[in-house]
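Take a look at the structure below.
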Amino acid sequence: MESAHAIDMPESKKANGSGKGKAAVGAPAAAVATTKATPHPRGGWKKGVAIFDFVLRLAAIGAALGATATMGTADEILPFFTQFFQFEAQYDDFEVFMFFVIANGLVSAYLVLSLPFSILCIVRPHAVGPRLLLLIGDTVMMALTIGAAAAAASVVYLAHSGNPNANWLPICQQFGDFCQSTSSAVVASLIAAALLLILIVLSAFALRRRT
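Right under this line is the structure:
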């Protein structure tokens, strides 16, 4: 009886231990198989943001180039003039307008050069370096664009309304085409600044989200 009891007890423990061992070994394998079978897609929305970024940059290039070209070609000569004197208005008669042309030209060049980095963000949506570089560059160019547009807008306002306190007469009644061109250039520059602001928000959002 003692020998039978001694034989039965190890066999039951061994059987129980063997069952537990198989369950312990089998559970992680099933968990790993389940994890591999249901992969979690990541980065799809970042690629969409990068594509939208590229489209907005093309629009901003058009707005900035339009502002530069419109202001740079603003010129009007009045039909009445004498042999020694003629009434003419050009953009380079105003230093503010010259600064406006240079600033928007620089912004246009930057936006063209930023296109390869925007394409890189489409190809590699999770890349942090190109996105951070675009964020910094867009911020600087937006500040430059807003500064140039605000300075030019103040001169355009004086050209339209004048300043009676300083005895500055409005000139847009005579130089209507010139004022129309300068006003259109300022509007185009403000549109470019608004697009740059949207680009900054998109870049910041893409950098902040990690999933």
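Numbering (this note's numbering), first residue to last: 513 to 723. Glycine residues also receive a C-beta, built at the ideal position from the N, C-alpha and C atoms.
**Q.** CB contact flag (Ala-586, Phe-690, <8 Å)
**A.** yes
Q.
With H, G and I counted as helix, E and B as strand and the rest as coil, what does DSSP make of Ile-683?
A. coil
Q: Counting only the same chain and skipping the five closest in sequence on each side, list residues whose C-beta sits under 7 Å from that of Ala-716.
A: Within the same chain, Cβ atoms closer than 7 Å to the Cβ of Ala-716 are found at Leu-647, the five residues on either side in sequence being excluded.
Q: With a threshold of 16 other CB atoms inside 10 Å of the CB of Val-640, please say whether the residue is buried or exposed.
A: Result: exposed.
Q | Three-way DSSP call (helix, strand, coil) for Ala-601 in this model | A | strand
Q) Counting pairs of beta carbons, one from the region 603-615 and one from the region 655-669, are three or more of them closer than 8 Å? A) yes
Q) Given a threshold of 16 other Cβ atoms within 10 Å of its Cβ, counted over all protein chains shown, does Pro-637 qualify as buried or as exposed? A) buried
Q. What's the C-alpha gap between Gly-617 and Asn-677?
A. 35 Å
Q) Going by C-alpha distance, which of Ala-661, Gly-649, Ala-562 is nearest Ala-615? A) Ala-661
(Q) Can you find the residues in the same chain that come closer than 6 Å, C-beta to C-beta, to Ala-539, ignoring five residues on each side of it along the sequence? (A) Low confidence applies to Ala-539: its pLDDT is 44, below 50, so where it sits in the model is not reliable enough to give any reading.
Q. Taking the Cβ atom as the reference point for each residue, do Thr-582 and Ala-663 lie within a distance shorter than 8 Å?
A. Cβ distance not < 8 Å, so Thr-582 and Ala-663 don't count as in contact.
Q: Tell me whether Leu-709 sits in a helix, a strand or coil according to DSSP, three-state version.
A: helix
Q. Looking at the unbroken alpha helix (DSSP H) that takes in Pro-628, where does it start and where does it end?
A. 607-635
Q. Among the residues of its own chain, which have a CB less than 6 Å from the CB of Ala-671, if the five just before and after it don't count?
A. Around Ala-671: Ile-683, Cys-684, Cys-691.
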